[in-house]
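Participant:
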Amino acid sequence: MSAISELSTISRRKGKATAEEKKANGRDNKAAYIFLLPWLVGLVAITIGPMLMSLYLSFTDYNLLQPPEWVGLDNFTRMFSDARLHNSLGVTFTYVLVGVPLQLAVALLIALVLDKGLRGLPFYRSVFYLPSLLGGSVAVAILWKQIFGTTGLVNQVLAMFGVQGPGWISDPSTALSSIILLHVWTFGAPMIIFLAGLRQIPVMYYEAAKVDGATALQQFWKITMPMLSPIIFFNLVLQIIGSFQSFTQAFIVSGGSGGPSDSTMFFTLYLYQKGFGQFDMGYASAMAWFLLVIIGVFTAINFIASKYWVFYDD
Amino acid sequence: MTTKLETLPAPDKKTSGAGKPKNHRKLRESRGTLAFSRSQRNKALGKHAILILAGGLMIYPLLWMLVSSLRANELIFREPGLWLNSLEMSNYTDGWSALTHPFGHYMINSAIVVMGSILGNLVSCSMAAYAFARLQFTGKKLFFGIMLLTIMLPFHVIIVPQYILFSQIGWVNTFWPLIVPKLLATEAFFVFLMVQFIRGIPKDLDEAARIDGAGHPRIFLRVILPLMVPALATTTIFTFIWTWNDFFGALIYLTDPDMFTVPVALRAFVDSQSATSWGSLFAMSIVSLLPVFLVFLFGQRFLIKGIATTGIK
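Residue numbers (this note's numbering), protein chains in the order written: chain A, -5 to 308; chain B, -18 to 294.
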């Protein structure tokens, strides 16, 4: 169903060619490579080539004007002592580790409420889905900047109850929270995946559980959660990978600075400032590879942990 | 978790499993209408109340932005409601001409990039998908695995060398860096989406065409492409929305105001204006969201299907 489950089946079935594959072996090579040509060129020229190049650059000092100068591990040792980079890691981890579970929890909750044969499902689904299409835009980031500003919508509403709200975005202690909230606001896409998953759970399981006197809560923990766990898992993997790369919202809300006092300085924003603000391309490349390793480690942890909580029906 | 499930009477998997989704959906619906007791009705009402409240909260900021874009500037900072006393269209006329070029200029730029990207994705991704879904060739599994991995690859590990490459060819401040990668099927998500779709098309159709003497180009163009229109529609819509919203790419490659797409133009607007012109800023934000909203309105069937079958936003 998903890219992730495809990947895991590929690795599980490694080396076992199906009868059909053996029969047709080699027959379509020429046609296949012609059809694949644009993709192959893209893979080499746009993806793998630049990846290797950026790996090389991460060991150099390069500012676009002079040719790259080999500096060995300098960029990486610099990263060890770069306090702003450490801070940006903290900001990004907070965003990912708070934002992703929160967003998925809301998505699951709303999907559960929507699931059971409720009237008006298409309407509600659209309403909840719309923000996830708009959430990545500059326009919504602008809106967020106003809403959580000192005289923004949130504080106007609070004022009606006699509460004087802080300047959410100008206060370092709340700025990140308002961006996390923007992430949670876009829960519509995972919600739709959850809805599709809930549809796949045979209703007989619930009926049998009811006959046995299981409460709604028991049904949720013993039927819904195990049956839905593969879908929760790949939502988790994809959202974590995506959230580590978030950029636009923090950039617009902070005016590109990552402020106030670096409280919204996402790792990607710092990378952008280093690479395209100061043209410190070597350091930016090293940071990009560091990000790739972090994402890889998180994904690996996810896959390892999944053995203990993800339930496969097959 | 398996052991816990076993305490329940095991249903016959073949008749109740995922193979027959229509069947239990029907069951579920009948359960909803036949057994219609008062408590169930109250429960449904409660759910509607929760959903309306939650949905209202979700949409409120957007509605408020729309209403505020039609208000006098000073009201934006003290009117949290949605009530409009008069229509202030000046925000739109002011915003439209606030930057170097009229806002329509940036929308045309965005439209060019979007059209190029849609064309690129449709052609290159459908070709790759046909090969992966229908043809047998050496290295297929390896390539397919790589293709799936590139879906998850962070953009940042390639952006610096890509920028160097494109700037050396002299492509900075042209639309090529934003369009050419799409012509080369680098948005692997769509390749995967189309592979999934083609796998669902009966192979008998290919076989019949093959017996009639059709080669792969013909089978692809005459049999597969016409049948995969829904997948092409999903690709078109997602490409439209993602490309229209794309900020990072445009920020890096388009620095000349002549070439700005809508997101970078809006960003320039935020930077250039003091806090007093939120009205026109909101107005142009609404203008920039309008195409996405329209595409959502008319294409949501394909969007929802696309997410549900591939599991990616």
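Beta carbons are placed, not taken as given, at the ideal position from N, Cα and C, and that holds for glycine.
In this text, all values refer to a predicted model and were calculated from it rather than measured experimentally.
Give me the chain A residues within the contact set of Thr167(B), using Cβ-Cβ distance strictly less than 9 Å, ordered along the chain.
Facilitator: Locating residue 167(B) in the second sequence gives position 186, where the first residue counts as 1. Within 9 Å Cβ-Cβ: Trp33, Gly36, Leu37, Ile40 and Thr41.
Participant: Expressed to the nearest angstrom, what Euclidean distance is found between the alpha-carbon atoms of Leu106(A) and Arg193(A)?
Facilitator: Position 112 of the first sequence holds residue 106(A). Position 199 of the first sequence holds residue 193(A). In this structure, the alpha-carbon of Leu106(A) lies about 11 Å from that of Arg193(A).
Participant: With a cut-off of 8 Å on the beta carbons, I'd call Phe372(B) and Met46(B) a contact; round off their distance for me.
Facilitator: Residue 372(B) lies beyond the range of chain B shown here (-18 to 294); nothing can be said about it.
Participant: Keeping to the same chain, check which residues put their C-beta closer than 6 Å to that of Ala202(A); ignore five residues upstream and five downstream.
Facilitator: For the purposes of this step, residue 202(A) is taken as the residue at position 208 of the first sequence. Excluding sequence neighbours, Ala202(A) sits near nothing in its chain.
Participant: Would the segment 66 to 85 of chain A and the segment 146 to 155 of chain A be scored as touching if the rule is three or more Cβ pairs under 8 Å?
Facilitator: no
Participant: Determine which residues share a DSSP beta bridge with Asp55(A) and list them.
Facilitator: The residue given as residue 55(A) occupies position 61 in the first sequence. DSSP lists Glu63(A) as partners of Asp55(A).
Participant: Buried or exposed: which applies to Leu128(A), given that a residue is buried once 16 or more other Cβ atoms fall within 10 Å of its Cβ?
Facilitator: For the purposes of this step, residue 128(A) is taken as residue 134 along the first sequence, with counting starting at 1. Flag for Leu128(A) reads buried.
Participant: Would DSSP call Arg348(A) helix, strand or coil?
Facilitator: Summary: the structure shown does not reach residue 348(A), with chain A confined to residues -5 through 308, and so no result is reported for it.
Participant: Hey, could you find the ends of the alpha helix (DSSP H) Lys110(A) is sitting in?
Facilitator: Here residue 110(A) corresponds to residue number 116 of the first sequence, with the count starting at 1. From DSSP, Lys110(A) is part of no alpha helix (DSSP H); its letter is neither H nor E.
Participant: Kindly give me the distance between the Cβ atoms of Ser98(B) and Leu165(B), rounded to whole angstroms, as I take these residues to be in contact under 8 Å.
Facilitator: Taking the first residue of the second sequence as position 1, residue 98(B) is located at position 117. Taking the first residue of the second sequence as position 1, residue 165(B) is located at position 184. Not really, about 12 Å apart at Cβ, beyond 8 Å.
Participant: Going along chain B in order, which residues have a C-beta closer than 7 Å to the C-beta of Ser120(A)?
Facilitator: By one-based count along the first sequence, residue 120(A) stands at place 126. Those are Gln281, listed as they occur along chain B.
Participant: Just to confirm, are Ile226(A) and Arg248(B) a CB contact at a threshold of 8 Å?
Facilitator: Within the first sequence, residue 226(A) is the residue found at index 232, counting from 1. Within the second sequence, residue 248(B) is the residue found at index 267, counting from 1. Against a cut-off of 8 Å, the Cβ pair of Arg248(B) and Ile226(A) comes out as no contact.
Participant: Confirm the yes/no value for this check: CB of Ile40(B), any heavy atom of the ligand PLP, distance under 7 Å.
Facilitator: Ligands in the displayed structure: none, and consequently the ligand PLP is not present.
Participant: So, at 6 Å on beta carbons, what are the nonlocal neighbours of Asp256(A) in its own chain, with the 5 sequence-adjacent residues on each side left out?
Facilitator: As a first step, residue 256(A) is located in the first sequence; it is residue number 262 there, counting from the start. Asn81.
Participant: Confirm, please, whether the CB-CB distance from Tyr50(A) to Met275(A) is below 8 Å.
Facilitator: Translated into positions along the first sequence, residue 275(A) becomes position 281. Translated into positions along the first sequence, residue 50(A) becomes position 56. No, the Cβ-Cβ distance between Met275(A) and Tyr50(A) is not below 8 Å.
Participant: Name the chain A residues that come within less than 7 Å of Phe277(B), Cβ to Cβ?
Facilitator: Sequence index remark: in the second sequence, residue 277(B) carries index 296 (1-based). Near Phe277(B) (Cβ distances below 7 Å), the residues of chain A are Leu124 and Leu127.
Participant: Pick from Val251(B), Ser20(B), Val138(B) and Met108(B): whose alpha carbon is nearest that of Ser279(A)?
Facilitator: Residue mapping note: residue 279(A) aligns to position 285 of the first sequence, counting from 1. With distances taken between Cα atoms, Ser279(A) lies closest to Val138(B).
Participant: What does the Cβ neighbour count give for Lys268(A), buried or exposed, with the cut at 16 atoms within 10 Å?
Facilitator: By 1-based counting over the first sequence, the position of residue 268(A) is 274. It counts as buried.
Participant: At 4 residues or longer, and completely inside the segment 147 to 226 of chain B: list those alpha helix (DSSP H) runs for me, N to C.
Facilitator: 157 to 164, 169 to 180, 184 to 192 and 210 to 226
Participant: Straight-line CA distance for Phe188(A) to Glu63(A)?
Facilitator: If you number the first sequence from 1, residue 188(A) lands on position 194. If you number the first sequence from 1, residue 63(A) lands on position 69. Cα to Cα, Phe188(A) sits roughly 50 Å from Glu63(A).
Participant: Counting only Cβ-Cβ distances shorter than 8 Å, please list the residues of the segment 31 to 48 of chain B near chain A, keeping chain order.
Facilitator: Ile31, Leu32, Ala35, Gly36, Met39, Ile40, Pro42, Leu43, Trp45 and Met46
Participant: Which residue's Cα is closest to the Cα of Thr180(A): Lys184(B), Phe58(B) and Met39(B)?
Facilitator: Walking along the first sequence from the start, residue 180(A) turns up at place 186. Of the candidates Lys184(B), Phe58(B) and Met39(B), the one whose C-alpha sits nearest the C-alpha of Thr180(A) is Met39(B).
Participant: If we cut at 8 Å on Cβ distances, does Tyr111(B) have a partner in chain A?
Facilitator: Along the second sequence, read from residue 1 onward, the residue named residue 111(B) stands at position 130. Chain A, which has a Cβ nearer than 8 Å to the Cβ of Tyr111(B), makes this yes.
Participant: Who are the near neighbours of Phe309(A) in its chain, counting only those whose CB is closer than 7 Å to its CB and skipping five residues on each side?
Facilitator: Within the shown structure, residues of chain A are numbered from -5 to 308, placing residue 309(A) beyond reach of any answer.
Participant: Assuming Phe238(A) and Ile289(A) make a contact with CB atoms under 8 Å, what is their CB distance in whole Å?
Facilitator: Here residue 238(A) is taken as the residue at index 244 of the first sequence, counted from 1. Here residue 289(A) is taken as the residue at index 295 of the first sequence, counted from 1. With 8 Å as the limit, Phe238(A) and Ile289(A) qualify as a contact, their Cβ atoms being about 5 Å apart.
Participant: So what does DSSP say about Val157(A), is it helix, strand or coil?
Facilitator: If you number the first sequence from 1, residue 157(A) lands on position 163. In the structure shown, Val157(A) sits in coil (DSSP, three-state: anything other than H, G, I, E or B).
Participant: So, does the CB of Asp193(B) fall closer than 8 Å to a CB anywhere in chain A?
Facilitator: Position 212 of the second sequence, counted from the first residue, corresponds to residue 193(B). No, Asp193(B) does not count as interfacial toward chain A.
Participant: Among Arg180(B), His197(B) and Lys24(B), whose alpha-carbon lies nearest the alpha-carbon of Ala212(B)?
Facilitator: Translated into positions along the second sequence, residue 212(B) becomes position 231. Residue Arg180(B) is the option with its Cα nearest to Ala212(B).
Participant: Okay, do the segment 79 to 93 of chain B and the segment 183 to 196 of chain B touch, 3+ Cβ pairs below 8 Å being the bar?
Facilitator: no
Participant: Would you mind reading off the limits of the alpha helix (DSSP H) that contains Val134(A)?
Facilitator: Your numbering for residue 134(A) matches position 140 in the first sequence. DSSP places Val134(A) inside the alpha helix (DSSP H), whose first and last residues are Val132 to Ile141.
Participant: By the three-class DSSP mapping on this structure, what secondary structure does Asn66(B) have?
Facilitator: On the second sequence, residue 66(B) is found 85 positions in, with the first residue counted as 1. In the structure shown, Asn66(B) sits in coil (DSSP, three-state: anything other than H, G, I, E or B).
Participant: Find the residues of chain A that neighbour Ser269(B), judging by a C-beta separation of less than 8 Å, and give them in chain order.
Facilitator: Within the second sequence, residue 269(B) is the residue found at index 288, counting from 1. Chain A residues near Ser269(B): Ser131, Val132 and Ala133.
Participant: Starting from Ile309(B), follow the alpha helix (DSSP H) in both directions and report where the run begins and ends.
Facilitator: Absent from the model: residue 309(B). The displayed extent of chain B is -18 to 294, so no value can be given.
Participant: Using 8 Å as the limit for Cβ to Cβ distance, is Ala190(A) near chain B?
Facilitator: Indexing the first sequence from 1 puts residue 190(A) at position 196. At least one CB atom of chain B sits nearer than 8 Å to the CB of Ala190(A).
Participant: Could you check whether the Cβ of Gln239(A) sits closer than 8 Å to any Cβ belonging to chain B?
Facilitator: The count along the first sequence starts at 1 and reaches residue 239(A) at position 245. Yes, Gln239(A) lies at the interface with chain B (some Cβ there is under 8 Å from its Cβ).
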